[in-house]
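Chains as they are written, first to last, in my numbering: chain A, 1 to 572; chain B, 573 to 1144.
Backbone N, C-alpha and C define an ideal beta-carbon position, used for all residues, glycine too.
Predicted model, so just to flag it, every value in this text is computed and none were measured.
There are 2 protein chains.
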Amino acid sequence: MTDICSLIDAARGNIKSDLVIKNIKIINVFSQEIEMGDIAIHKGKIVGIGEYDGEEEINGTGMYASPGLIDSHVHVESSMTTPPYFTRELFKKGITTVIADPHEIANVMGSEGIKFMINQLEQCVIDIYYMLPSCVPATPFEDSGALLMANDLREFRSHKNILGLGEVMDVPSVLSCKEDMIKKLKDFEEYIIDGHAPLLSGQDLNAYVVAGVKTDHECSNVEEALEKIKRGVYILIREGSAAKNLEELIPAVTALNFDRFLFCTDDKHADDIILEGSIDNLVRKAIALGLDPVMALTIASLNAAKAYNLNSVGAIAPGYKADLLLFNDINKLNVEYVIKNGSIGHIKDQKVNSFINMKKTNIYNNSMNIESISTEQLNVKAEGSTVNVIDVTQGSLITKHLTCSFKEKNGFVEKVYSPDVLKIAIFERHKRTCNYFVGYIKGLGIKNCAIAQTIAHDSHNIVVVGEKEEDMAIAVNTLIKVGGGIVITEEGNVVGTLELPIGGLMKESPVEEVAAELKLLRTILKKFNNKEDNDIFLTLSFMSLPVIPYIKITSRGLFNYNKFEFMNLFNE
Amino acid sequence: MTDICSLIDAARGNIKSDLVIKNIKIINVFSQEIEMGDIAIHKGKIVGIGEYDGEEEINGTGMYASPGLIDSHVHVESSMTTPPYFTRELFKKGITTVIADPHEIANVMGSEGIKFMINQLEQCVIDIYYMLPSCVPATPFEDSGALLMANDLREFRSHKNILGLGEVMDVPSVLSCKEDMIKKLKDFEEYIIDGHAPLLSGQDLNAYVVAGVKTDHECSNVEEALEKIKRGVYILIREGSAAKNLEELIPAVTALNFDRFLFCTDDKHADDIILEGSIDNLVRKAIALGLDPVMALTIASLNAAKAYNLNSVGAIAPGYKADLLLFNDINKLNVEYVIKNGSIGHIKDQKVNSFINMKKTNIYNNSMNIESISTEQLNVKAEGSTVNVIDVTQGSLITKHLTCSFKEKNGFVEKVYSPDVLKIAIFERHKRTCNYFVGYIKGLGIKNCAIAQTIAHDSHNIVVVGEKEEDMAIAVNTLIKVGGGIVITEEGNVVGTLELPIGGLMKESPVEEVAAELKLLRTILKKFNNKEDNDIFLTLSFMSLPVIPYIKITSRGLFNYNKFEFMNLFNE
């Protein structure tokens, strides 16, 4: 009871507020105006706008105050850091709330992975809410580390940081009413259910929405976004490391429909977070593309809060959590201060983000459940007359299908007759099934080296590419030894390593450090890479995801997306 | 599980939908457009927009379809009918959801009154959700039938039709942190809390909002509405029998802020509902005042649904409840069909609103806990030199203060020296306290008769006015005998009666019949009334509400709003 009373007293000016930001330009997400005034903050909450005195005061003259930004859909794992480190970097950018789907770690560790991510929350400096992974594995054609059924998810529902069911990528299972999928949808019908349905339209879209899906972050054109909006779906405009839809979608946003849009990053690597930022990057870009700044900041705050029923954040108004960012230039969003629950972080002075006293986790090195491999395993037995090759499309996750002739030697393929073709292999690493499959990939643009990594959506087995079997085997075996991450080998030597000991996906280091390590790997790789702006690690990480067209590879074989089934490596 | 599956199958066109409205102009509240298409409805839900075939079909050619309308704040009791009858009339107007505050009956019957209103829900043809009365009685200066403390409300919280705490009218108790008020606010901090704060502004508004209040339906000017919007308050634009704010507030609504507005009626009498309608009336008027029709219909549907977390209503989109109205003229909203949970009501053909099998209630005649009064009780002992008189302002609930000299006879006031002055008295009728008070009122414009009624906000004691004490006493005693309502007497005879046996506020009759009875009373009253358009019953019903300026009367004395305390009837 004293709680409310002291807030009331502070709001009325009967007592001094803990903190007052004096004379600042306030982004009012309700009236879509910029309002001058003081912001009074008491006991972590905004208590008033007007004229106030505070125990502590910030002179806001010349600055703007915006509600803290919200990333409405992100996989923290893609930053390669754990939630506590991830949130420390996002805090600096003015992101104060994140809605995350831990489906990467869940594919490796199942429920234990989700529990790990939940346990990490107490060390986070911004609020993370989770959506429970709905599709682990993404398809039945993969060897994931876990299978999450409706019953597995149910136990997490009541946790206060769980908002609902994560992106329902398996659209065919919804449309064909697969039993366990329907169970999951039913279990979460009173919650938010996130969608993932690129280009879904017409009656199938109606069916997908009637099943309970409320959001979509896969729109790639205006028409698609507008159709989904008409059907009541919130559109999460995405700008991540790989998928970038902002420029394409901004023309869809109008004064009359902007409340149906949100911003998200989905997957963003450590180095891109450092370089570009997160949701702040979307706001800047949107403004540069002509969107009204107040509207852009509203999309980045209140809209996400409303769509996910986070009623206490997203606005600078009495009763809201004191989550704000202060900046000088509304086009640049150059953050001066970030205030979280009423506590000040002075970004310019770096008075934030103490990593002191952070508890380390104890789940290292247990995700590489695989024995060392031999060079011989990478030999491919020759059959038929031509071989099917994955043809990489530059700057896209979509691949094409190529057929090549090859040279045989002693019953094995010695050489594929096409330039820039490498071997690619996937090794199952979760359950010692010894499943693996070796194929061919064209267009990565690297030579004289091998790369192995445990980031391989969504099952995150080991993906390895290279020219020489020996380099490939060393890369894989080194990766197994270090507990996952990325390894580059050249002529029998390891020339680069990024260790990601937590599930082979994350490490407990500041985002900046991981970004520096990644940068080093990229520098090393330049020697072997003849293409500019070619993010090989990213491209590799999507070669084993069967839900993306057209030819992919899993530990069980070569996959044909169009037929949605495995295909032979060779043709008669 | 079959549920979702059959909806998915219908949405995909694999099976015929139960009902399809073919080729209709659809009000799309998400895109703010009018969209052509078929609406497919299955198992009470909208499953798709597009091209569909139905087991039953309505030819929508030339018609519009809007989401069912929502009254965001209403006291059902003001219709003088019980919820089942009230909903049958509103259904015809296209209102399919109502958010009601049963504080009239709660002032008479306390928790029993709330239970009664909840029990009535099963016989309602549209959805009613309740906000729990927060201020019973409205002030401590009244003799209400009940006192509702925080503990009394708590038991109702978990009922699925309870959305939160009803209008917090007692603003001073909030601002001064009165213990039980703070308890109520705390109990409902995870729910919606409705406000009622005319002209509250600045720091006091901040404090009121920080206490948890989310809505306000008392705005009477644009500036007030815009300030409240900036502080995060939803503005319920009201157009009832007494208070009409639509015309004043419409200029506040813009493309950028319209999602912060809702429509409500608050208090609307049976005859006004028949004559004008309900929320449909607000939509029509708003359009006539220049508001975009799609925006007006969005305010009347989706906005209310969102503000009150009613996630399954308010839009024509997959997964939403099939609550819609079909009409030919978007300016007139002449309803042809109303569809509720997928069931069709053909309004023009009157194929609706069966009153058959409606269970009668058993709480009649128990609300008049008062003995017959005597004529002598209405005599006023003379004191001092002048008497304080309530001066009615035509067409307003606000009264003025008038001081008049008087003629004394045998120690009693025989005559007040001013034209058009009547006696007014309030008799407590809930708990046999024998509390009553007699004063004077000027400006009602009636003579040669007496009127007594049990509709007297908010405590609903007996209010009686008249020229002759005998007529007044007969009116009061007749009212007691019939169990409440309205009684008119003339020269010792009862000349008009409207019985409202449920709490002295409602009866179990169709709204149309109550409207006809009211009309008859008004016709009778014309003989005694020299003013046109003067709703005496309405004016009388607000003479005992101390929270409205400036001079009011309760069963305990004459009340001065400015000083917020009782005043003497006489002056020295």
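Under 8 Å from the C-beta of residue i: neighbouring residues of chain B
| i | result |
| --- | --- |
| C434(A) | Within 8 Å Cβ-Cβ: nothing; C434(A) doesn't reach chain B, min ~37 Å. |
Beta-carbon proximity of residue i to residue j, cut-off 9 Å
| i | j | result |
| --- | --- | --- |
| G314(A) | K43(A) | no |
| I671(B) | Y701(B) | yes |
| Q453(A) | G485(A) | yes |
| Y208(A) | A225(A) | no |
| D180(A) | G195(A) | no |
| I845(B) | E661(B) | yes |
| I524(A) | I480(A) | no |
| I390(A) | I424(A) | yes |
| T1126(B) | F713(B) | yes |
| Y1008(B) | V959(B) | no |
| I70(A) | I316(A) | no |
| P84(A) | R803(B) | no |
| I1027(B) | F688(B) | no |
| N778(B) | G212(A) | no |
| A815(B) | D839(B) | yes |
| M1115(B) | V1035(B) | yes |
Boundaries of the alpha helix (DSSP H) in which residue i is found, first to last residue
| i | result |
| --- | --- |
| A1087(B) | V1083 to K1098 |
| D724(B) | A722 to R726 |
| E383(A) | Element bounds for E383(A): n/a, residue is neither H nor E. |
Contact list for residue i against chain B, beta-carbon separation under 7 Å
| i | result |
| --- | --- |
| E230(A) | Residue 230(A) is actually Lys in this sequence, not Glu. Near K230(A) (Cβ distances below 7 Å), the residues of chain B are N600, F602, S603 and E607. |
| A296(A) | Within chain B, no residue comes near A296(A); the closest Cβ sits about 13 Å away, beyond 7 Å. |
| G195(A) | Ordered by position in chain B, no residue passes the 7 Å Cβ test against G195(A), which lies about 12 Å from the chain. |
Where the beta strand (DSSP E) through residue i begins and ends
| i | result |
| --- | --- |
| T478(A) | Note, T478(A): premise wrong, no beta strand (DSSP E); alpha helix (DSSP H) at E469 to V482. |
| E1062(B) | G1057 to E1062 |
| L1070(B) | N1065 to E1071 |
| L324(A) | L324 to F327 |
| T1111(B) | Segment I1108 to S1113 is the alpha helix (DSSP H) holding T1111(B); no beta strand (DSSP E) there. |
| M608(B) | E605 to H614 |
| D19(A) | It should be noted that the sequence gives Leu, not Asp, for residue 19(A). It spans S17 to N28 - the beta strand (DSSP E) in which L19(A) sits, taken as one unbroken run. |
| N362(A) | Taken as a continuous stretch (DSSP letters only), N362(A) belongs to no beta strand (DSSP E), as it is neither H nor E. |
| F1131(B) | G1129 to N1132 |
| H1032(B) | Segment: none, H1032(B) is in no beta strand (DSSP E) and carries neither H nor E. |
| Y576(A) | With chain A running from 1 to 572 in the structure shown, residue 576(A) is simply not present. |
| T554(A) | I551 to T554 |
| F1136(B) | Per DSSP, F1136(B) belongs to no beta strand (DSSP E) and is neither H nor E. |
| K979(B) | T971 to K981 |
| I621(B) | K617 to G622 |
| I339(A) | V335 to K340 |
| S343(A) | S343 to H346 |
| F412(A) | F412 to V416 |
| F141(A) | Element bounds for F141(A): n/a, residue is neither H nor E. |
| K423(A) | V421 to F427 |
| A211(A) | Per DSSP, A211(A) belongs to no beta strand (DSSP E) and is neither H nor E. |
Proximal residues of chain A, C-beta to C-beta of residue i below 7 Å
| i | result |
| --- | --- |
| C749(B) | C5 and I8 |
| A779(B) | I8, A11 and R12 |
For residue j and residue i, believed in contact at Cβ under 8 Å, the rounded distance
| i | j | result |
| --- | --- | --- |
| Q692(B) | M930(B) | About 10 Å separates the two Cβ atoms, so there is no contact after all. |
| G632(B) | K594(B) | 6 Å |
Chain A residues whose Cβ lies nearer than 8 Å to that of residue i
| i | result |
| --- | --- |
| L757(B) | I4 |
| G585(B) | Q203 |
| N829(B) | F30, S31 and Q32 |
| A858(B) | By Cβ distance, chain A contributes nothing, its closest Cβ being about 16 Å from A858(B), past 8 Å. |
Cβ-heavy atom distance, residue i to the ligand ZN, below 8 Å
| i | result |
| --- | --- |
| H430(A) | As presented, the structure is devoid of all ligands, the ligand ZN included, so that no description of it is given. |
Within chain B, partners of residue i - CB distance below 9 Å
| i | result |
| --- | --- |
| R260(A) | F602 and S603 |
Whole runs of the beta strand (DSSP E) within the region 57-137 of chain A, excluding any shorter than 3 residues: Taking only runs of at least 3 residues, the beta strand (DSSP E) segments lying wholly in the region 57-137 of chain A are 64-67, 69-74, 95-100 and 127-132.
For the region 18-42 of chain A, which residues have a CB atom closer than 7 Å to at least one CB atom of chain E, in sequence order? The displayed structure is made up of protein chains A and B, and chain E is not among them.
What ranges does the alpha helix (DSSP H) occupy inside the region 736-777 of chain B, keeping only unbroken runs of at least 4 residues that lie completely in it? Within the region 736-777 of chain B, the alpha helix (DSSP H) runs of at least 4 residues that lie entirely inside it are, in chain order, 743-747 and 751-759.
What are the complete beta strand (DSSP E) segments, minimum 3 residues, inside the region 792-875 of chain B? The region 792-875 of chain B contains these whole beta strand (DSSP E) runs: 806-810 and 833-836.
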